[in-house]
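One structure below.
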Amino acid sequence: VAILIYCFTLRVISSFSAIHGNCKFFMLFTALGQFCIILSHVLKVAFWFSIDNYDRFFMYAQPFFKSVQPLNEFGFFLTDLNNCMIIIERTVACAKSTR
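Mapped onto UniProt numbering, the consecutive letters of the sequence shown carry residue numbers 1 to 99.
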């Protein structure tokens with residue numbers, strides 16, 4: 001799912017010149033977050049193929065695994081922060097709009 005969101009976001013950002021300002025900023029935020037998530041999962045899969053002991057506690061104790069996990073968390077943080085900023089922006093825009 002992260003790969004599809006990342007590809008869709010980059011396609012939308014690069015193909016439409018009408019997207020500018022806050023929308024492009026939010027979409028770039030999402031693309032960066034999804035890229036971090038994808039990269040961390042690729043690194044974790046490569047790590048899993050490189051070990052023989054598939055004990056979960058053994059894997060979580062490895063320094064490489066501990067260093068990749070924050071990248072995954074950072075990607076989720078960027079994506080969630082983006083969603084929160086969009087909600088705030090839309091709420092303010094709706095409150096300021098005149099009928």
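Every residue gets a Cβ at the ideal spot worked out from N, C-alpha and C, and that includes glycine. For clarity, every value in this text was computed on a predicted model and none was experimentally measured.
Between the options, which has its C-alpha nearest residue i's C-alpha?
i, options, result
"Pro70", "Phe29, Asp52, Leu39 and Phe57", "Leu39"
"Val45", "Phe76, Phe65 and Phe57", "Phe65"
Would you call the CB atoms of residue i and residue j closer than 8 Å?
i, j, result
"Val68", "Leu32", "no"
"Thr91", "Gln34", "no"
"Thr30", "Asn72", "no"
How about residue i: is its Cβ closer than 7 Å to a heavy atom in the ligand NAD?
i, result
"Gln69", "Questions concerning the ligand NAD fall outside what the structure shown contains, since it holds no ligand whatsoever."
On the criterion of 16 or more Cβ atoms from any shown chain inside 10 Å, does residue i qualify as buried, or is it exposed?
i, result
"residue 137", "The shown model of the chain, from 1 to 99, leaves out residue 137, and the question about it has no answer."
"Gln62", "exposed"
CB-CB under 8 Å to residue i, same chain, minus the five flanking residues each way: which ones, in chain order?
i, result
"Ile86", "Phe26"
_Could you tell me which whole alpha helix (DSSP H) segments of length 4 or greater appear in the region 36 to 61?_
56 to 61
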